[in-house]
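Numbering-wise, our numbering puts 100 at position 17 of the sequence shown, and it's gapless, one number per residue. Ideal placement from N, C-alpha and C gives every residue a C-beta, glycine not left out. Right, one structure below, let's go through it.
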Amino acid sequence: NGVWRLPTGGLHPGEAIETALLREGREETGLRLTPIRFLFHLRYEWEGSDKTFQSYGFLTAPTEGTIKSSDPHEQITAFQDIDRSGLAAVVERLETLAGTWAAWGRFRAAAHRVLLQMWPQSAAVDQASPPAPPPTSLS
């Protein structure tokens, strides 16, 4: 009964964004990544609190490794490649989680929705448009 989502992560105190991107990519996917392009910066508040969060989206390419999670706290059990319609389904699932997971789902869905809006609806992808996102992970 897991939920698919894009790999994510957090900044350690004093850590540069690119350093966190590479570390989190390795921890959550087992892959050594190369940043290709910055995609977005999103700033939002957790529902019902005054905590502000920021998300940074990047297009990356794997350069080495085997896809697997090395962070047991994430509870990632599987990976899959998705197309644009698959990302839309992930957004829908996250936004409609119920019960104690509802706020978490809406929080996680925000960055996914930004990426979905950036992804061209046509099958053709050019250099100015983000290609397929990295694999989603099941947690």
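Exposure label - residue i; buried when at least 16 CB within 10 Å
{"i": "residue 74", "result": "Absent from the model: residue 74. The displayed extent of the chain is 84 to 222, so no value can be given."}
{"i": "residue 120", "result": "exposed"}
{"i": "residue 216", "result": "Residue placement at residue 216 is flagged as unreliable, the pLDDT there being 49, under the threshold of 50; a coordinate-derived value is accordingly withheld."}
{"i": "residue 90", "result": "buried"}
{"i": "residue 191", "result": "buried"}
Residue i Cβ short of 7 Å to the ligand PLP heavy atom set
{"i": "residue 125", "result": "Among the components modelled here there is no ligand, and therefore nothing to report on the ligand PLP."}
Beta-carbon spacing of residue i, residue j below 8 Å
{"i": "residue 199", "j": "residue 171", "result": "yes"}
{"i": "residue 106", "j": "residue 195", "result": "no"}
{"i": "residue 86", "j": "residue 140", "result": "no"}
{"i": "residue 116", "j": "residue 145", "result": "yes"}
Coil, strand or helix - residue i by DSSP
{"i": "residue 89", "result": "coil"}
{"i": "residue 186", "result": "helix"}
Beta bridge counterpart(s) of residue i as assigned by DSSP
{"i": "residue 192", "result": "Per DSSP, none; premise fails for residue 192."}
{"i": "residue 135", "result": "128"}
{"i": "residue 144", "result": "117"}
Check your understanding: So does the segment 153 to 167 actually touch the segment 97 to 106, counting three or more Cβ pairs closer than 8 Å?
Key -> no
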